[in-house]
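Peer 1:
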Amino acid sequence: MKRKVLVLLLCLSLAVTMLAGCSSQPGSVTATPTTAPSDGGSQTPEDKITLKWALWDYDSTPYWGALIEEYKKVKPNVTIEYTDLGSTDYMTVLAAELSGSGSEFDVVTIKDVPGYATLVQKNTLEPLEPYIQAAGIDLSLFGGITDQVTVDGKLYELPFRSDFWVIFYNKDVFDRAGVDYPTNDMTFEEYDELARKVTDTTFGSEVYGAHYHTWRSAVQLFGILDGKHSILDSDYSFFEPYYNMVLNQMKDGVAMPYTDVSTEGLHYSAAFANGNIAMLNMGSWFIATLISSLEKGDYDPELCGNWGIVKYPHAEGVEPGSTLGTITGLSITAVSDHKQEAFEFIKWVSGPEGAAVMARTGNFPAISTEEVKSIIAGLNGFPKDEQSKEALEVSNLYLEVPYAPNVSEINAILDTYHKMIMSGEISVEEGIAAMNEEVAKLKK
Amino acid sequence: MASGTSDRLARSRKRRTLKKNLVAYSFIAPNFIGFAVFTLVPITFAFLLAFLEWDGNNPIKFVGLENFQALVKDKFFIASLKNTIIYSVGTVPLTLVTSLGLAIILNKEIKGRAFFRTLGFFPYVASLVAVTSVWTMVFHSSKGPVNAILYYLFNVPKEKLPNWFTGNLVLVMLILFSVWRFMGYYMVMFLAGLQTIPRELYEAGTIDGANAWQRFRYITLPGLKPTTFLVSVMLTINCFKIYDIAVMLAGGSTNTLSVSSMVLVYYIYQNAFNFWKLGYSSAVAMVLFVLVLTVTLIQFRGQSKYANE
Amino acid sequence: MVSNKALKFLSKTILYLILAIMTAIMILPFLWMLSSSVKLDREVFNMNPFVWIPENPRWKNYVDIWTKVPFFKYVQNTVFLTIVVTGLQILTSSFAAYAFAKLDFSHKNRIFFAYIATIAMPWQVYMVPQFLMMRSFGLNDKLLAIICLQAFSAFGVFLMRQFYLSIPDSLCEAARIDGMSEYGIYAKIMLPLSKPAIATLTIFTFVATWNDYLGPLIYLKSQDKKTIQLGLKMFINQYSSEYGLIMAGSVMSLIPVIIVFLALQKYFVEGIASTGIKG
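Residue numbers (the numbering used here), protein chains in the order written: chain A, 2 to 445; chain B, 5 to 313; chain C, 674 to 952.
1. May I have the straight-line CA-CA distance separating Arg121 (chain B) from Ala693 (chain C), to the nearest angstrom?
2. When the Cα atoms are used, what is the spatial distance from Gly857 (chain C) to Asp777 (chain C)?
3. Name the DSSP bridge partner or partners of Leu400 (chain A)?
4. In terms of alpha-carbon separation, which member of C:Leu704, C:Tyr859, C:Ile819 and C:Lys939 lies closest to Leu887 (chain C)?
5. Listing by chain order, which chain B residues have their CB less than 7 Å from the CB of Ala272 (chain A)?
6. Indicate the three-state DSSP secondary structure (helix, strand or coil) for Tyr170 (chain A) in the structure shown.
7. Who are the near neighbours of Tyr244 (chain A) in its chain, counting only those whose CB is closer than 7 Å to its CB and skipping five residues on each side?
8. Which residues of the stretch 793-810 of chain C have a Cβ closer than 8 Å to any Cβ of chain A? Give them in chain order.
9. Any idea if Arg808 (chain C) is buried or exposed, counting beta-carbon neighbours within 10 angstroms, 16 or more meaning buried?
10. What residues of chain B sit near Gln122 (chain A), judged by a beta carbon separation below 9 Å?
11. Report the residue from B:Glu70, B:Thr240 and B:Leu195 whose alpha carbon sits nearest the alpha carbon of Leu225 (chain B).
12. Does the beta-carbon of Ala55 (chain A) have 16 or more other beta-carbons within 10 angstroms, so that it is buried, or is it exposed?
13. Look up Trp308 (chain A) in the DSSP assignment and give the residues it is bridged to.
14. Got a sec: is the Cβ-Cβ distance from Met863 (chain C) to anything in chain A below 9 Å?
15. Applying the criterion that 16 or more other CB atoms from any shown protein chain within 10 Å of the CB defines a buried residue, is Leu13 (chain B) buried or exposed?
16. List the residues of chain A whose Cβ lies closer than 9 Å to the Cβ of Ser709 (chain C), in chain order.
17. Determine which residues share a DSSP beta bridge with Trp54 (chain A) and list them.
18. Which runs of the beta strand (DSSP E), 3 residues or longer, sit entirely within the stretch 124-206 of chain B?
19. Output needed for Thr324 (chain A): all residues of its chain with C-beta closer than 8 Å, excluding positions within five of it in sequence on either side, in chain order.
20. Alpha carbon to alpha carbon, how far is Ile414 (chain A) from Glu439 (chain A)? Give it in angstroms, no decimals.
21. Against chain B, does Ser428 (chain A) count as a neighbour if the rule is that its beta carbon must be under 9 Å from one of theirs?
22. Inspect the beta-carbon positions of Lys172 (chain A) and Asn277 (chain A) and report whether they are closer than 9 Å.
23. Ends of the alpha helix (DSSP H) at Met280 (chain A)?
24. Give a yes or no on whether 9 Å exceeds the smallest Cβ distance from Gln26 (chain A) to chain B.
25. Going by beta carbon distance, what residues of the same chain come within less than 8 Å of Ile700 (chain C), once the five residues before and after it are set aside?
26. Tell me Lys155 (chain A)'s beta-bridge partners as DSSP assigns them.
27. So which residues of chain C does Gly227 (chain B) contact, with C-beta pairs closer than 9 Å?
28. If you reduce the DSSP assignment to three classes, tell me which class Asp201 (chain A) lands in.
29. Please name the residue in A:Glu410, A:Thr215, A:Ser231 and A:Asn78 whose C-alpha comes closest to that of Leu443 (chain A).
30. Would Pro202 (chain B) pass as an interface residue toward chain C - the criterion being a Cβ-Cβ separation below 9 Å?
31. Using a beta-carbon distance below 9 Å, is Val358 (chain A) in contact with chain B?
32. Report the residue from B:Gly306, B:Ala107, B:Ala276 and B:Val267 whose alpha carbon sits nearest the alpha carbon of Asn87 (chain B).
33. State yes or no: is the C-beta of Thr258 (chain B) within less than 9 Å of the C-beta of Asp416 (chain A)?
34. Using a Cβ-Cβ distance cut-off of 9 Å, determine whether Met193 (chain B) contacts chain A.
35. Would you tell me roughly how many angstroms separate the C-alpha atoms of Asp236 (chain A) and Val408 (chain A), rounded to the nearest one?
36. Count the other CB atoms within 10 Å of the CB of Leu110 (chain B); is the residue buried (16 or more) or exposed (fewer)?
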């Protein structure tokens, strides 16, 4: 009797698991799109390896595919399999993927420094020094940015993309207002003045002289361009003049109110593509987006087709061309079974060959050479004026967020008070005082 | 002989109980196995985690009550606790009143009753992402119809138009939205409760000359006491669990909540999945659990009281 | 007599007035959604004059949404998840509920207490450990994770048990005397009787799974596993100013739930009446 019921129980649980098993199939079949192994790779069948790579927005980002294609030609025996984790919350998702054991990734893309710090502290990444030394890579090629992500003398990522912030402007808007274009050498006063000049507050046909995305970097980080401050300081009073400038602009209708941009979740690209924004401070990645979206017809050339870029404005007495930088890097996971091959891959991507692929697709590789700049400035769709070309010259690059052990918490604190200052919930002074206090608590 | 029979009887009774048990367990098993593995185990784990320090990768460290001690000094935790409580205190009574009112109206013999009942349920079944995106548009501070009405019809000057999704107003917004979304749901519960009040009571009341208000006050309300009680408990618990409504209405493009709109579950999520302070996150979760447990205990008390009445 | 009639008329009028206001509050956001979904982006916020139906309805919004994002994939995932979860939930919880309501066995109360105790436990309290556990089972970024998460809820068992309690025991006794097995009683007597409860549970589970956001957010990462809610949210973030498109997507995400709800709603109040309240 007992046996009979036991058998029944077993059958039931089997049925459940089978049902569950079947049901999981539609998901797993399409799980990881694989690039087909190359035909020419058959000469060394015993060396066939697959590297698993985590990245985001494969379809809308041209360089992932281009890099994989090119690498196939260099190393036919290595197959790169990618998993698209999406760009929203990419680093959060990646950290979850690498938690505990059982991650399958060999190579992971590092999108920002706070996320990098998390992964480093969780001991999920492989230190790259031994490999770098063995391969004889000259880190000075990266212009010092690798120093800002070195942790206790160890480097865990190799940057392959390095973006810097510039001012995008819409020439048609300036022409219509009869105002001169911005220049590569503007102080913040001049920038503010220019934005006000080109603004039109007529209801229903507003033209905004400037636009600021909701990220705190878009406002706060004007303050770090003099090279004397960083967001790791515990005293943020240097944010104050820039908060005042931007908040006054919003108050006077020169820039769209923060609350509107935030509630709508207005994307900066959508804002710029609407053709009623004169100047937008944004990272150089937007160049590639603008070029390709105009080419594909996603953006109306009547509205934003006539654009240009200039260098970031600078504080009095600071060299023009000082700007914010954002790097994208590649790391090897600590659990990878193919660390050497993974390193070969990231070395290639971050090296000159990868850099050429990046430049060809309109992106700025981390090793920036004159050649790379001229490739980008020569791209079809890049503005033809001399100023825009010159704007690609960077004199000082400061990372938006350098490495620090608590950087993701610091980031969260600065974010929350930025939001409150910008939406007028608290005054600039109160906000900065709160940032100082909370960050000091963390450091203790 | 006699002893043999009783022996056999005992054995067969035993066998029968065993069979009975096994049949019953076979009924329970499919659900219970899943429930035990995916709910009971993690709950046990959650309790332990609150006393540990762990980031998901590095070795686990036992820290005793440290996580809880840190909570007291944590400004963001206090803000999230405060916001959660204010939100619940605002939402519960408002939802109770509106859903009870609706239920009473829709319990009458009126035309299109089924239609209205269905309609009331719409906001609840509609997807949250969809309805919150409508709300953010309708209450848009410079372009939305609500502020347009304030501007055109009530001549509120432009610079005084409210920003519905920031500052103190954001909690008001969350409360209004929740009332709108949940009132249909609780209306159905009240409707069900109304069915349990015997018709004869009303008939007797009418004969005794009680007017509509008196009938409501002395028949309906007392009759609905158990329902009201249950509804308020369920509502309170659901309010404590608020997360996605807050993120979708107040999170903006970055899906982050500032001090003015931060709620407990958001803080649990942030500590776990952004900072990887799993122990700390679990400690916050324990506070949530204690809140819910308190309300549930009050419910049990009340229920036994009403059951005896 | 006349005044009485007038009073009745007046109260009826007030009643309908209140109803009309409530209806407006309930339905206006949906009408706005529908109206915006066929508008150009710049028409959406045009308040003066405001039109409900634009002169040239832009049906293209409904076409574009399928091409701009893999909306079809999202629909597929969501439909699949919802059906499997709802099916499993109803099957397993009505099964278990039968034992709790109609059978006697050892440890019955203890096991049932475990269920009851967790109903009050918010999922958010244990979502982190649960995630870690699922991860170690290799269920991260698998649709199966959401199924495991949603399909075995204590709530379902509780709801079905309450309903079964209201069915007289004598029915089962009679069937037992006729020699029917417990499985037979469950399948041939209880199930057909429990339509309202099943309808209620179906609506609850269907709505909860279809609209769930945090669960999929934690578990489903890759693009081809996303559900409608995640996809819609992502879409809103990406195409933030294309209001017409966003509303078209929103309308589409509502249709299936509304169909299910309308199909089952006639059992619904009855179902809640016989299950939820007397607990």
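We treat Cβ as the ideally placed atom computed from N, Cα and C, and that holds for glycine.
Peer 2: To lay it out plainly:
1. So the two alpha carbons sit approximately 13 Å from each other.
2. Cα to Cα, the separation comes out at about 17 Å.
3. As computed with DSSP, Leu400 (chain A) is found in a beta bridge with A:Gly326.
4. Residue C:Ile819 is the option with its Cα nearest to Leu887 (chain C).
5. Chain B residues near Ala272 (chain A): none, gap ~11 Å exceeds 7 Å.
6. Taken through DSSP and simplified to helix, strand or coil, Tyr170 (chain A) comes out as strand.
7. Correct list, in chain order: Val220, Ile422 and Val429.
8. Per Cβ criterion, the list reads Phe804, Leu805, Arg808 and Ser809.
9. Flag for Arg808 (chain C) reads buried.
10. The contacting residues are Asp59, Asn61, Asn62 and Trp280.
11. Just measuring C-alpha positions, the residue of B:Glu70, B:Thr240 and B:Leu195 sitting nearest Leu225 (chain B) is B:Leu195.
12. Result: buried.
13. According to DSSP, Trp308 (chain A) bridges with A:Asn171.
14. It does not; no Cβ of chain A falls within 9 Å.
15. Leu13 (chain B) is exposed by the Cβ-count criterion.
16. Annotation: Ser709 (chain C) has no Cβ neighbours in chain A at a cutoff of 9 Å; minimum Cβ distance is about 13 Å.
17. Per DSSP, A:Tyr83 and A:Val108.
18. With a minimum length of 3 residues, no continuous beta strand (DSSP E) run stays inside the stretch 124-206 of chain B.
19. These residues qualify, in order along the chain: Phe165, Trp166, Val167, Leu226, Lys312, Tyr313, Val395, Asn397, Leu398 and Tyr399.
20. Spanning the two alpha carbons is a distance of roughly 7 Å.
21. Contact of Ser428 (chain A) with chain B is not assigned, every C-beta pair being separated by 9 Å or more.
22. Contact: no.
23. Per DSSP, Met280 (chain A) is not a residue of any alpha helix (DSSP H); the beta strand (DSSP E) it occupies stretches across Ile278 to Gly284.
24. With a pLDDT of 33 at Gln26 (chain A), under the threshold of 50, the modelled position of this residue cannot be trusted, and the question is left open.
25. Cβ neighbours of Ile700 (chain C) within its own chain (closer than 8 Å, five residues either side excluded): none.
26. Per DSSP, the beta-bridge partners of Lys155 (chain A) are A:Val152.
27. Those within 9 Å of Gly227 (chain B) in chain C number zero; the least Cβ separation is about 12 Å.
28. Correct three-state label for Asp201 (chain A): strand.
29. Checking every option, the nearest Cα to that of Leu443 (chain A) belongs to A:Glu410.
30. Interface criterion not met: the Cβ of Pro202 (chain B) is under 9 Å from no Cβ in chain C.
31. No, no contact with chain B.
32. Among B:Gly306, B:Ala107, B:Ala276 and B:Val267, the Cα nearest to that of Asn87 (chain B) belongs to B:Val267.
33. Note that the C-beta distance between Thr258 (chain B) and Asp416 (chain A) is below 9 Å.
34. Cβ-Cβ to chain A under 9 Å: no for Met193 (chain B).
35. Rounded to the nearest whole angstrom, the C-alpha separation of Asp236 (chain A) and Val408 (chain A) is 15 Å.
36. Counting Cβ neighbours within 10 Å, Leu110 (chain B) comes out buried, since at least 16 surround it.
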